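Report on one structure; see the data block that follows.
Chains as they are written, first to last, in my numbering: chain A, 1 to 359; chain B, 1001 to 1359; chain C, 2001 to 2359; chain D, 3001 to 3359.
Following this line, the structure appears as structure tokens:
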């Protein structure tokens, strides 16, 4: 079994890692780390509210009893000697400090954005750009590390990049316009959108989000050419909004393709898309990367976010667009805290284990 | 005083007409009509639930006591002899039958879509295309009517057309891509989206809506050339969705302009837009047709829908778009049941009274 | 295998029956019936929207493919000859006509209220009042039927009666005061509370609900004495409200006990409550009838409604009450469309099969 | 004009004070104070988000331009020499330190709970227990202060105490059982219930709330007997929950009266209740302290919270209760951030000005 630590283990994403790794066939949780405040306490105490005694367990899934008695370490001083992977679920400013420290010796798979835009760092989605994993070798060499850092994309990028990939392969892409209607869980808990703000409302701005989606989509669909990734040449233009939905990002996408294509061809390309190299066999992989509905009332976040345990991206309303050149438009739903966060990062770990990057 | 009837008076839009006409300086409610079931009953009885006695009053505003004792007529047999205007708030299939009957002698201002796409029928938004009112003379002549029919646009078109107008005038428009996040009240009451469906959800389809917006926007911004309106030449491509918001449609708009323009110029053109012919002086007109926010967290439907009593369109997040030629993107909020429905229709009535179409 | 029909199969409760019976070890779906409009069509066609082709499938669970090609019969003329059980999911006025017709020959288990208050009709909750099943023999005899009718309680009664039972057994009950905060799904679909009404709101009245809860709780906890059930002697006083929750009724309960009891004793009595006669071994039964939380922030409908697949009742905040004599107060969450509806009715069928009432 | 400071002016309650005092006929805002971080900055800067520049203005009402250029003082070092009243909108731990300091010389009217339970401190609701103001004299004497402290009640107590008062006066009260369904705005902003928690949910616990309601209701309806208030003798038992409503607390109340009374008598006593001493003439007072609906679907928080600008308490569903001795039950809605917070505190100031406690 590969031995993993979860850093930021008491937060919402950390807990999602705990759920995603429960009964995992290849990976076991060997260590939990968090801030100094939690250090030295049993996990159960560390997530108990001091005043009321209530457990601060944020997942819909039940408590994972197996980790409740584990002692939480101080992330800044964690003993990483016996570990194989470190899953990093900390905020970006913390990630900047902690992740390079860990990466000197160990593999770091991160949900933070801190290193996503470095030249020698891939942003991996297994099945979409698995071949970018080779950039890890460049990174190791350049930085002189035994380990490495691989962040996953921003949760809003994930579904977009996945659904664009078969279009890109089959028809080419000139440009993308996208409006997102994002779920509350993406806002994290400490900086959470409070009920008072979002009730009976839409919030038309999420700081930094649009830039991330635009840049990451180009990088993920870019070409790996020996020592670096050249970003895909299409432009991406987004407006990212927050709506009153608990989980599941909805995106309204308009794509200009190079070749032109019929609605049925796009649906088929998406339905038949299987990834590049049998990623479908990885334990956390969905059986279908993309599910396409004909019913115009789908996808809906509440009905579709959990498809294939939140790992499939669900598409509907594929139609011609008459504004963009060879335009196609559709709507997608992607589970922002499953495929778009911890479980997506676990899928990256599985890919890297299978392909020999983690020994 | 101009004497008005409200047809469909017991429904949600009918009640909004009652509210919009309360204490109106130029227009008084002279008759109420509804289906045969309500005919002959006092208005208060007609909107009382038979079982519980509860009043089915759907507006946030308090009951308008003045109409409670008026007798509701059967719309199909209404005596229109003493009336000047008939406000029609019925469904489209009813409108097809009733409105031409009324229009033989009287002015019909309608929220239904039944006649919007007829060649000799203008879709009026005062201040945006007031000059299209001249098409009324063509209509009267062609059809041999003493009266005429003027529908208002679909509520999703209204805010879009208003915000596009100053852009169109100042910079020209090549094309428009729009994703709407529409409020529940637009769904009407009988065919209402039920709480069970929309809670924790987005519904990615509203039957017929996208076609309406595309076609109406072209017609409203089209040129009136003597005897007909030639639709504006730009294409419009939309995805219309429903979100968990009570009132106020939010729209994420991407526009390709002809000339190119800076963000500041667009903001200024919107802010300074005053309409074509002093429509601002009409009793129900907003003081500012468009309000532009710099705060990136605006507009929000809950905070901005009621601006200038729901008659202003509120815009924010004006930015450059890098996908469309000379691209500009922004977000708007428009009150779908005020400017977008009954009160918008009353504003049309005011324009037509001022300009001599209603005597 | 016992052969069952579902009457009202195209509605929301009917579909919940289909889900509850999928892969059932003892019962198979042998017939589906609905109104005349659906008769003669395949189930899949019968639930397709004529205009859009969208499937009107109301459950969170995926479509049950096995029934999609079954032909729907006209409920009024259904051929019941080969059937053992008829699950009735029709409205109460329909139930009044259809259920006695079926009961002449067959067993009818119903979610409708039509026969709940008849003297010779038990309202069964397996594990709570299984012994009331004996009233079936009286019913058969009195009415000269080969079959019989057993309705389940109103969904708001279910959780209340279950949690009261161990208190009643251990400490006796003088009186109960209850305020419910009920989910939207309980409102049904045709008469559904629309999103417009419940958003940012509480609705303080549900027609008929309070009377049902008061009467049914007394009957369920009443004594079966040979030929009839004498209602329990305590009074019940409720206020039933609707809140913006999709599934899961929350109830705030205040109980006056006869004996007096400590908080810990009540928690223990609830936790250890196992039902009267091994009902726990029935296929749809929860492993724990009642789950008791110490965390004061529980139960919450979103977190607790699905406990043991929606068949457990979840309790928290057990405290002393200082107003009622020997007062105890607590909060419960009960899944109104699982234990409180179709799956609860299937549990009744299982009890009746096991105990020989259905051959 | 009476000169007032608002302490805690940048928070949500502080901003509600600014709104409540805009254009006030008797009181003007002479100073604003907050934490050290805001000290020395213009109010507009103090409420601007450092990163985005967005204004953190939490009220539905528009920005009060008049205060935007006022300089915010450090609350701990505020110059109080020219002031008459200090409205305190700080958290309870801050209030414990700051309020006695201010009260040595000045009148402090507070929304914090810090001093509510002191023997010589009244909890005032004008019209309900205005005569308790006389306790101020005792307080001044005991403590040797020129000024004094008068807190308003917890927002959940307010509506309860108001509706109980006419019952108490006319029929006497033995005991009260209450379940609240409280709005999100009551949770404050820093410790706000986040959207993720409350969406599709009810939270069955609000720390400390139930104890406050029980104790404060007894004190408010207690007798002032020369030098102290003896709490009313009835017991109060509550369960306080949070629901997905923005503003407006809903409470389901069960009351045991001493005398017994008919539903109509209770409705009349509430409707005719006018307060003790012409409080109705105070500028912020509602014209009707209590509004009683016959429609069983009222009160609803969204429709009724704003009655008389949020200063009236709205009651419905008055019925007999058959559990409590001479039992009556009803539902109330009270605006928790108007009558229940800042504007309620301004009403207290008006009472004290009129009656000569503030010179």
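Glycine included, C-beta positions come from ideal geometry on N, C-alpha and C. Here the structure is a predicted model, which means the values were calculated and not measured.
Asked	Found
Less than 8 angstroms between the CB atoms is what I'm expecting for residue 80 of chain A and residue 5 of chain A, so what's the real figure, rounded?	7 angstroms
Between the segment 164-181 of chain A and chain B, which residues of the former have a C-beta closer than 8 angstroms to a C-beta of the latter?	175, 176, 177, 179 and 181
Considering only residues of the same chain and omitting the five flanking positions on each side of residue 2224 of chain C, which have a CB-CB separation below 7 angstroms?	2131, 2132, 2134 and 2135
Below 7 angstroms between beta carbons is the criterion; list the residues of the segment 1241-1260 of chain B that meet it against any residue of chain C, in chain order.	1244 and 1246
Compute the Euclidean distance between the alpha carbons of residue 3338 of chain D and residue 3009 of chain D, then round it to the nearest angstrom.	16 angstroms
Work out the CA separation of residue 1089 of chain B and residue 1150 of chain B for me, nearest whole Å.	12 angstroms
Is there at least one Cβ from chain A nearer than 7 angstroms to residue 3185 of chain D's Cβ?	yes
Tell me, please, which residues DSSP counts as bridged to residue 151 of chain A.	A:110
Could you work out which residues of chain C lie near residue 3204 of chain D, taking near to mean beta carbons separated by less than 8 angstroms?	2250, 2252, 2296, 2297, 2298, 2299, 2300, 2316, 2317 and 2331
Could you give the distance in angstroms between the alpha-carbon of residue 1235 of chain B and the alpha-carbon of residue 2112 of chain C?	54 angstroms
Using the beta-carbon count (16 or more within 10 Å), is residue 2190 of chain C buried or exposed?	Because the pLDDT at residue 2190 of chain C is just 48, under 50, the model does not fix this residue reliably, and the value given afterwards should be weighed accordingly. Exposed.
Using a C-beta cutoff of 7 angstroms, does residue 3323 of chain D count as contacting chain C?	yes
I want to see whether chain B comes within less than 7 angstroms of residue 3020 of chain D, judged by CB atoms only; does it?	no
Please state if the CB of residue 346 of chain A and the CB of residue 284 of chain A are separated by a distance shorter than 7 angstroms.	yes
When you compare only the Cα positions, how much space is there between residue 3256 of chain D and residue 3304 of chain D?	26 angstroms
Please compile the residues from chain A whose C-beta is within a distance smaller than 7 angstroms of the C-beta of residue 1200 of chain B.	245, 246 and 302
Counting only the same chain and skipping the five closest in sequence on each side, list residues whose C-beta sits under 6 angstroms from that of residue 2129 of chain C.	2220
Take residue 1239 of chain B and list the residues in its own chain whose beta-carbon comes closer than 6 angstroms to its own, dropping the five residues that flank it on each side.	1179
With C-beta atoms as the reference, is residue 233 of chain A less than 7 angstroms away from residue 172 of chain A?	no
Pick helix, strand or coil for residue 3190 of chain D, following the three-state DSSP scheme.	The pLDDT assigned to residue 3190 of chain D is 48, lower than 50, so where the model puts this residue is not dependable; a value taken from the coordinates is nonetheless given after this. Of the three classes helix, strand and coil, the one that applies to residue 3190 of chain D here is coil, per DSSP.
Going straight from the alpha carbon of residue 3353 of chain D to that of residue 3359 of chain D, what length do you get?	7 angstroms
Name the chain D residues whose beta carbon is nearer than 7 angstroms to that of residue 374 of chain A?	Here chain A covers residues 1 to 359 and nothing more, so residue 374 of chain A does not appear.
Go ahead and label residue 1317 of chain B buried or exposed: buried means 16 or more other beta carbons lie within 10 angstroms of its beta carbon, across all protein chains shown.	buried
Which two residues bound the contiguous alpha helix (DSSP H) that contains residue 270 of chain A?	263-272
Would you tell me roughly how many angstroms separate the C-alpha atoms of residue 3073 of chain D and residue 3039 of chain D, rounded to the nearest one?	5 angstroms
Taking 6 angstroms as the limit between beta carbons, can you name the residues of its chain near residue 1301 of chain B, skipping five residues before and five after?	1245, 1248, 1250 and 1333
Rounding to the nearest angstrom, what Cα-Cα distance links residue 1279 of chain B and residue 1287 of chain B in this structure?	10 angstroms
In chain B, which residues lie with their C-beta within 8 angstroms of the C-beta of residue 237 of chain A?	1254, 1321, 1322, 1323, 1324, 1327 and 1329
For residue 63 of chain A, which residues from the same chain have a beta carbon less than 8 angstroms from its beta carbon, with the 5 sequence-adjacent residues on both sides left out?	55 and 57
Would you please verify whether the beta carbon of residue 2334 of chain C is less than 7 angstroms from any beta carbon of chain D?	no
Going straight from the alpha carbon of residue 3031 of chain D to that of residue 3106 of chain D, what length do you get?	14 angstroms
With burial defined as no fewer than 16 other Cβ atoms inside 10 Å of the residue's Cβ, what is the status of residue 142 of chain A: buried or exposed?	exposed
If we require 4 or more residues per run, which alpha helix (DSSP H) segments fall completely within the segment 2190-2214 of chain C?	2195-2198
Taking the C-alpha atoms as reference points, what is the distance between residue 2360 of chain C and residue 2094 of chain C?	Outside the modelled stretch of chain C, which goes from 2001 to 2359, sits residue 2360 of chain C, for which no answer is possible.
Taking residue 1977 of chain C and residue 3241 of chain D to be in contact with their CB atoms under 8 angstroms, please state how far apart those CB atoms are, rounded to whole angstroms.	There is simply no residue 1977 of chain C to check, as chain C begins at 2001 and stops at 2359 in what is shown.
Hey, how far is the Cα of residue 340 of chain A from the Cα of residue 3203 of chain D?	28 angstroms
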